[in-house]
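Asker: Here you go, one structure.
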Amino acid sequence: MSLLRLADIGVRAAGHSILDLPELDVEEGEIHVVLGPTGAGKSTLLRVMNLLQRPERGAIFWRRERIPWPAPLALRRRMAMVFQSPLLFSGSVLDNVAYGLKIRGERGARALAKAEAMLRRIHIDHAAHQRAATLSGGEAQRTAIARAMVLEPDLLLLDEPLAALDEPIREHLLEELRQIVRERRITCVYVTHEQAEAFALADRISILDAGKLLQTGTPEEVFYRPKGRAVAEFLKTGNILAGEVVARDGSLARVRVGGRTFWASSDLPPASRVLACIRPEEIHLTRNGDAGTNRLDGTVTALLQGGATVKVEIDCGFPVLVLVTRRTVRELDLRRGERVGLAFAPVIVHLIPDDETRRMAASP
Amino acid sequence: MTPIAEAVRSVLAARGELAGILALSLLVSGAAVVAAMALGVPAGIFLALRRFPGRRVLVTLVNTGMGLPPVVVGLFVFLLLARSGPFGALEILYTPWAMVLAQIVIATPLVTGITLAAIQGLDPRVHLQILSLGASRLQCHWKLVQEARLSLVAALAAGFGSIISEVGAVMIVGGNIRGQTRVMTTAIVLETRQGDFAAAVVLGAILLLLTMLFNWLFTWIQQRQKG
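Protein chains in written order, with this note's numbering: chain A, 12 to 375; chain B, 1037 to 1263.
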């Protein structure tokens, strides 16, 4: 069931469109991650959801009821937001966490008891009586999360809450956040530009770019079946190859790219102009023999070392990027200028109808 | 006996009158600064948080008001309260009420300006954070005041300091009437004019001591808050 629904929302600033959303639905109990690059309008979206910013256009619905403006305080109190920066108030950690309870009229002792329990849950109780200004970055963000969680909101909004933290702390806090949100069944909208965070948390992901919603779906759908070039590029699909469907065989489509052909799982008809998306980590490299339905060969043009993995650029008549382990490079004795075989299953080739190319071809 | 010792003795001999002058100084400036805080803090918050046409003009006016010459304020309030002025019917000219009013006009822009700067000095997202935790507008403003309280104590100190030590406005609208509207600064002017410099110096020293005492108190409050 829908908890919060945005319909035909438009936000403009200084003559530019910041947000233009025909529809965005947050389902009760889900963790909905909004993934997009910096400047995509993600923070504006959260402010609109939190009823802190009135959109120029559109309507917001709470459990199917349209929210009037100014939004009733009682409704705002069913939500809470955590920002990228902890934004802690002066006073102790405990004062901070109890703040939202106190303004809701909870008595002092009761509010403090709840706040203490939340601090214990989020493992920051040792600092309860410490001044908030003296906390480390990780502790401060834990406090900020506790301050929002203690309110037991129906909708928790998180605006890149881990972006300012260093790697190990970030990973730990992400996992704890996931556990707490799950155990309390809090509906969550989590905004980030980090793919790893998005895929670690999300029940559903919405991709936002330049104020527009490009795709909403489960992590699997969005990751393996991006709807357009922008989503594929943002998700670092690696190989986005312009081509054409030349034949069909049952559930498979034969695609021609740069004079070579391969099979893809798709129901697009012949003569369709397409973008074939192949993730670089799904392609296998071979020296001899074939593996799988699709087999191409090409010349290694570059080997880009990247720690545990190596990016291999191969010219197959069109450039293909393959991601392999360091061990594979050694075992296959890959070198620049040498021939190598590429094998990949049709199911890992995702075809997107290429409207852009079709439009360009159609125009005189 | 040196002239200063003589002056101290004579000022102390007239300590009943001195106490009256001191009490009136404190009452007038105290009431004025309380009123200035009551007006200036909400005005400063409003100017800091709201965007509306004419806001920039208002902010410029407040900044100009922070340097208003007290004697000009005195003249302005005098013209308003004079028998033939728009508020002549109130008949408060040459009473402590007129003095309080003039000092409110002097202190309010100072308090407003410092509050405005203090609230704008906070991270703008603090405002959103407070609202997003479910605060009403009033609760949000109160929290912002709490967050900016160090600067607001500075506003209180600046406001009080500017009016306890001013002479131009209280002289014009109060008239320096003995036993009625005479305060420390106007008493010093009077003693100086009469050539009783020693008495003027003693009164000046008492005023200085009083100002120092209050500033020490404000600083103590401010630093205690910080700790």
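Glycine included, each C-beta is placed from N, C-alpha and C at the ideal position.
Quick one, which residues of the stretch 99 to 129 of chain A are near chain B if we go by CB-CB under 7 angstroms, in chain order?
Answerer: Listed in sequence order: F100, S101, Y110, G111, I114, R115.
Asker: Along the chain, where does the alpha helix (DSSP H) containing Q1277 of chain B start, and where does it finish?
Answerer: Any answer about residue 1277 of chain B is impossible in this case: the structure gives chain B only from 1037 up to 1263.
Asker: Under 8 angstroms Cβ to Cβ from F1123 of chain B, same chain only, skipping five residues before and after it: list those, please.
Answerer: As a first step, residue 1123 of chain B is located in the second sequence; it is residue number 87 there, counting from the start. Counting only Cβ-Cβ distances below 8 angstroms, and skipping sequence neighbours, we find L1116, L1117.
Asker: Kindly indicate if chain B contains any beta-carbon less than 9 angstroms away from that of N61 of chain A.
Answerer: Residue numbering aside, residue 61 of chain A sits at position 50 when the first sequence is read from its first letter. Output row for N61 of chain A: interface = yes.
Asker: Which residue wins for smallest C-alpha separation from I1142 of chain B, given the options B:M1073, B:L1244, B:R1173?
Answerer: For the purposes of this step, residue 1142 of chain B is identified with residue 106 of the second sequence, where counting begins at 1. With distances taken between Cα atoms, I1142 of chain B lies closest to B:M1073.
Asker: Which class does P10 of chain A belong to by DSSP, given the choice of helix, strand or coil?
Answerer: Residue numbering for chain A in the displayed model covers 12 to 375; residue 10 of chain A lies beyond these limits and cannot be assessed.
Asker: Is any beta-carbon of chain A found at less than 9 angstroms from that of S1168 of chain B?
Answerer: Position 132 of the second sequence, counting from 1, holds the residue named residue 1168 of chain B. Yes, S1168 of chain B counts as interfacial toward chain A.
Asker: Going by beta carbon distance, what residues of the same chain come within less than 8 angstroms of R115 of chain A, once the five residues before and after it are set aside?
Answerer: Taking the first sequence and counting its residues from 1, the one referred to as residue 115 of chain A is at position 104. Excluding residues within five positions, the ones whose Cβ falls inside 8 angstroms are R88, L162.
Asker: Select from the stretch 136 to 157 of chain A all residues with a C-beta closer than 7 angstroms to any C-beta belonging to chain B, and list them in chain order.
Answerer: So the list is empty, because no residue satisfies the distance condition.
Asker: Got a sec? Which residues, its chain only, sit under 6 angstroms from I78 of chain A by beta carbon, not counting five neighbours each side?
Answerer: As a working mapping, residue 78 of chain A is identified with position 67 in the first sequence. If we look at I78 of chain A and ignore the five residues flanking it on each side, its Cβ neighbours are I71.
Asker: What's the call for R1086 of chain B, buried or exposed, on a 16-neighbour Cβ count within 10 Å?
Answerer: Walking along the second sequence from the start, residue 1086 of chain B turns up at place 50. The residue is exposed, with fewer than 16 neighbouring Cβ atoms inside 10 Å.
Asker: Does Q1259 of chain B have its Cβ less than 9 angstroms from a Cβ in chain A?
Answerer: For the purposes of this step, residue 1259 of chain B is taken as the residue at position 223 of the second sequence. It does not: the Cβ of Q1259 of chain B has no partner Cβ on chain A nearer than 9 angstroms.
Asker: By the 10 Å Cβ neighbour count, where 16 or more other Cβ atoms means buried, how is R60 of chain A classified, buried or exposed?
Answerer: Here residue 60 of chain A refers to the residue found at position 49 when the first sequence is read from its first residue. Reading the sequence as shown, one finds Met at residue 60 of chain A and not Arg. Answer is buried; the Cβ neighbour count reaches 16.
Asker: A243 of chain A to E194 of chain A, Cα distance in whole Å?
Answerer: What you label residue 243 of chain A is simply residue 232 of the first sequence in a count that begins at 1. What you label residue 194 of chain A is simply residue 183 of the first sequence in a count that begins at 1. Looking at the two C-alpha atoms, the distance is approximately 33 angstroms.
Asker: Quick check: what's the CA-CA separation for H43 of chain A versus A356 of chain A?
Answerer: Within the first sequence, residue 43 of chain A is the residue found at index 32, counting from 1. Within the first sequence, residue 356 of chain A is the residue found at index 345, counting from 1. If I take the Cα positions, the gap works out to 31 angstroms.
Asker: In chain order, what residues of the same chain have a beta carbon less than 8 angstroms from the beta carbon of P1132 of chain B, not counting five sequence neighbours either side?
Answerer: Translated into positions along the second sequence, residue 1132 of chain B becomes position 96. Counting only Cβ-Cβ distances below 8 angstroms, and skipping sequence neighbours, we find L1060, L1063, V1064, G1210, Q1216, T1217.
Asker: Among A:G222, A:Y201, A:G348, A:V331, which has the Cα closest to the Cα of E41 of chain A?
Answerer: Residue mapping note: residue 41 of chain A aligns to position 30 of the first sequence, counting from 1. Of A:G222, A:Y201, A:G348, A:V331, the residue nearest in Cα terms is A:Y201.
Asker: Excluding the 5 residues flanking T1151 of chain B on each side, which residues of the same chain have their C-beta closer than 8 angstroms to its C-beta?
Answerer: Along the second sequence, read from residue 1 onward, the residue named residue 1151 of chain B stands at position 115. Excluding residues within five positions, the ones whose Cβ falls inside 8 angstroms are G1076, V1077, A1079, G1080, I1081, A1084, A1184, S1187, L1188, A1191.
Asker: For chain A, is any of its Cβ atoms less than 9 angstroms away from the one on W1256 of chain B?
Answerer: Along the second sequence, read from residue 1 onward, the residue named residue 1256 of chain B stands at position 220. Closer than 9 angstroms: no.
Asker: Give every residue of the same chain whose Cβ lies closer than 6 angstroms to the Cβ of P1039 of chain B, excluding the five residues on either side of it in the sequence, and list them in chain order.
Answerer: The residue given as residue 1039 of chain B occupies position 3 in the second sequence. So the qualifying residues of the chain are A1234.
Asker: Counting only Cβ pairs nearer than 8 angstroms, list the residues of chain B close to A407 of chain A.
Answerer: In the structure as shown, chain A begins at 12 and stops at 375. Residue 407 of chain A is therefore absent and cannot be evaluated.
Asker: Would you call the stretch 28 to 41 of chain A and the stretch 211 to 223 of chain A touching, i.e. three or more CB-CB distances under 8 angstroms?
Answerer: Contact holds: three or more Cβ-Cβ distances are below 8 angstroms.
Asker: Name the chain A residues whose beta carbon is nearer than 9 angstroms to that of E1183 of chain B?
Answerer: Counting from 1 along the second sequence, the entry for residue 1183 of chain B is found at position 147. Simply F100, S101.
Asker: Going along the chain, which unbroken runs of the beta strand (DSSP E) with 3 or more residues stay wholly within the stretch 235 to 305 of chain A?
Answerer: If we require 3 residues or more, the beta strand (DSSP E) runs fully inside the stretch 235 to 305 of chain A come out as 250 to 260, 263 to 268, 271 to 276, 284 to 289, 295 to 297.
Asker: Taking 7 angstroms as the limit between beta carbons, can you name the residues of its chain near V108 of chain A, skipping five residues before and five after?
Answerer: As a working mapping, residue 108 of chain A is identified with position 97 in the first sequence. Cβ neighbours of V108 of chain A beyond the five flanking positions: A126, M129, L130, T154, A157, R158, V161.
Asker: May I ask you to report which of helix, strand or coil DSSP gives L345 of chain A?
Answerer: The sequence position of residue 345 of chain A within the first sequence is 334, counting from 1. Three-state result, L345 of chain A: coil.
Asker: For R1214 of chain B, tell me which candidate among B:L1253, B:R1045, B:I1057 has the shortest Cα-Cα distance.
Answerer: In the second sequence, residue 1214 of chain B corresponds to position 178, counting from 1. When only C-alpha atoms are compared, the closest one is B:I1057.
Asker: Can you look up L15 of chain A in the DSSP assignment and give me helix, strand or coil?
Answerer: On the first sequence, position 4 is the one that residue 15 of chain A refers to. Residue state, collapsed to three classes: strand.
Asker: Name the two residues that bound the continuous beta strand (DSSP E) containing C199 of chain A.
Answerer: Within the first sequence, the letter at position 188 stands for residue 199 of chain A. Note, C199 of chain A: beta strand (DSSP E), 198 to 203.
Asker: Output yes if chain B places a C-beta closer than 9 angstroms to the C-beta of F94 of chain A; else output no.
Answerer: Residue mapping note: residue 94 of chain A aligns to position 83 of the first sequence, counting from 1. Answer yes: the Cβ-Cβ gap between F94 of chain A and chain B drops below 9 angstroms somewhere.
Asker: Using a Cβ cut-off of 9 angstroms, which residues of the stretch 1199 to 1226 of chain B contact any Cβ in chain A, in chain order?
Answerer: Flagged: no residues at all.
Asker: Would you say V22 of chain A lies against chain B (beta-carbon separation less than 9 angstroms)?
Answerer: In the first sequence, counting from the first residue as 1, residue 22 of chain A sits at position 11. Not closer than 9 angstroms to any Cβ of chain B, the Cβ of V22 of chain A fails to qualify, so no.
Asker: For I197 of chain A, which residues from the same chain have a beta carbon less than 6 angstroms from its beta carbon, with the 5 sequence-adjacent residues on both sides left out?
Answerer: In the first sequence, the residue the question calls residue 197 of chain A occupies position 186. The answer, listed in chain order, is L167.
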